[in-house]
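Please read the structure below before turning to the comments.
Residue numbers (UniProt numbering): 1 to 200.
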């Protein structure tokens, strides 16, 4: 893999990922969620879709061998390695309304929605085009009565996921800011890109 880049706690970034490249997202300290979005670099109206992904994959357990699909039904990313095995693709990035609803926090505070918006501005992606993120390492449980709850991540220190790009992409990536998602302890996320494209 290439150079390891750090995402500080409660922050985000955005970058290009070319077709065939490998993106490794790591949880160096454990129990920390990373929200990831993806847009087609050549058509920003095509972006990651949880509905299409769950439809085609026929499971909520997205792990090694799973593909993440776009709103136009095209594969965007394939999970080629996964040491954690538990992620979420149901819940939207945390926002100010999330913080008010669940944590009674008013006023300014870091959120994944704001961090993604700020990071993606350089690619002229507006907030309205930011989709539901693939929440790496997030532990969302569904009870027998179909209620959902956010639990502490099971990700251990050093756990990682490797994604292969199925097209040229703009990636948004955060170190999540929601308390329950991260065991109420905010930590960093690391990522690296393997530029090798042989065999694509």
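We treat Cβ as the ideally placed atom computed from N, Cα and C, and that holds for glycine.
No experiment lies behind these values; they were computed from the predicted model shown.
- By the Cβ test, the region 131–145 is not in contact with the region 94–106, since fewer than three Cβ pairs between them sit closer than 8 Å.
- Apart from the 5 residues on each side of it in sequence, residue 181 sits with its Cβ closer than 7 Å to the Cβ of 33, 138, 150 in its chain, given in chain order.
- The three-state reading of DSSP puts residue 103 in helix, counting H, G and I together.
- Every unbroken stretch of the alpha helix (DSSP H) spanning 4 or more residues and falling wholly within the region 10–76 is given here in chain order: 50–57.
- Counted as a single uninterrupted DSSP element, the beta strand (DSSP E) harbouring residue 139 occupies residues 139–142.
- Excluding sequence positions up to five before and after residue 194, its CB lies within less than 7 Å of the CB of 1, 2, 21, 22, all in the same chain and listed in chain order.
- With a contact defined as Cβ atoms closer than 8 Å, residue 132 and residue 92 qualify at about 5 Å.
- As DSSP reads the structure, residue 191 sits in a beta bridge with 5, 25.
- Of the candidates 16, 43, 4, 173, the residue whose Cα lies closest to the Cα of residue 114 is 173.
- Proximity of the region 81–90 to the region 155–171 meets the contact definition, three or more beta-carbon pairs being nearer than 8 Å.
- DSSP, reduced to helix, strand and coil, places residue 86 outside both helices and strands of the structure shown, so it counts as coil.
- Per DSSP, residue 135 is one residue of the beta strand (DSSP E) stretching across 134–136.
- In the three-state scheme derived from DSSP, where H, G and I count as helix and E and B as strand, residue 159 is classed as strand.
- Taking all protein chains shown into account, residue 35 has 16 or more neighbouring C-beta atoms within 10 Å of its C-beta and is therefore buried.
- Taking each of 5, 130, 30 in turn and checking the Cα distance to residue 155, the smallest one comes out for 30.
- Bounds of the beta strand (DSSP E) holding residue 169 are 169–174.
- Rounded to the nearest angstrom, the Cβ distance from residue 175 to residue 188 is 6 Å, consistent with a contact under 8 Å.
- Judged by DSSP in its simplified three-state form, residue 181 adopts helix.
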